[in-house]
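Structure first, commentary second.
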Amino acid sequence: MEQSGLDFVEVGQRYTFGKTVSETDVMLFAGITGDFSPTHVNEQYAREKSNLGGRIAHGALMVGYMSTASTLSIEHVIHKENLSDFPVSSGYDKLRFLKPVALGDTITVVYEVIRIDKEKGRSIAKNEVFNQRGELVAVGEHVMRWAKKLKGE
Numbered sequence: 001m002e003q004s005g006l007d008f009v010e011v012g013q014r015y016t017f018g019k020t021v022s023e024t025d026v027m028l029f030a031g032i033t034g035d036f037s038p039t040h041v042n043e044q045y046a047r048e049k050s051n052l053g054g055r056i057a058h059g060a061l062m063v064g065y066m067s068t069a070s071t072l073s074i075e076h077v078i079h080k081e082n083l084s085d086f087p088v089s090s091g092y093d094k095l096r097f098l099k100p101v102a103l104g105d106t107i108t109v110v111y112e113v114i115r116i117d118k119e120k121g122r123s124i125a126k127n128e129v130f131n132q133r134g135e136l137v138a139v140g141e142h143v144m145r146w147a148k149k150l151k152g153e
């Protein structure tokens, strides 16, 4: 008998992902995205022209780390037998970058399921990104859509 993956998702489930943001992370991300803003890639510029004290990570890199946490949230579901659907990210709402993330900061993403809408086939999770000082640096809500599988012949 087929079941929805949403049957295994519950409000209150929490998943975390932590990582120290390195020079390599920022430079590779700049290369992949083409965002070579000097606030991310030019230490001298960041020290002389901004009040940030040095380079900062891309906000979109924090969204990438949120995506990693969302992937962790579905690992317990996606390999179950007889699922009628599969999870696909539908995006992020209420996304905000609250504080800069410096190279060398260690961030922790907390991904918590806050709503399930079985009728619409989706789950919503609150994302909070904290630095090593416990400061909230980014937030957003992730929408996970549970797409119906195509029926085989």
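The sequence shown begins at 1 in full-length UniProt numbering and counts up one residue at a time.
Think of the CB as a built atom: it goes at the ideal place given N, C-alpha and C, for glycine as much as any other residue.
All of these numbers come straight from a predicted model, not from anything done at the bench.
Contact check for S4 against D85 passes: the beta carbons are separated by less than 8 angstroms. A Cβ-Cβ contact shorter than 8 angstroms links G12 with V113.
Residue range 85-97 is occupied by the beta strand (DSSP E) that includes K94, with no alpha helix (DSSP H) assigned at that position. Per DSSP, the beta bridge partners of D117 are R122.
Contact between G134 and T20 is absent: CB atoms are separated by about 16 angstroms, not below the 8 angstroms threshold. Around the C-beta of H79, fewer than 16 other C-beta atoms lie within 10 Å, and the residue is accordingly described as exposed. The straight-line gap separating the alpha-carbon atoms of T33 and G121 is approximately 31 angstroms. If you check the CB distance, T108 and T16 come in under 8 angstroms.
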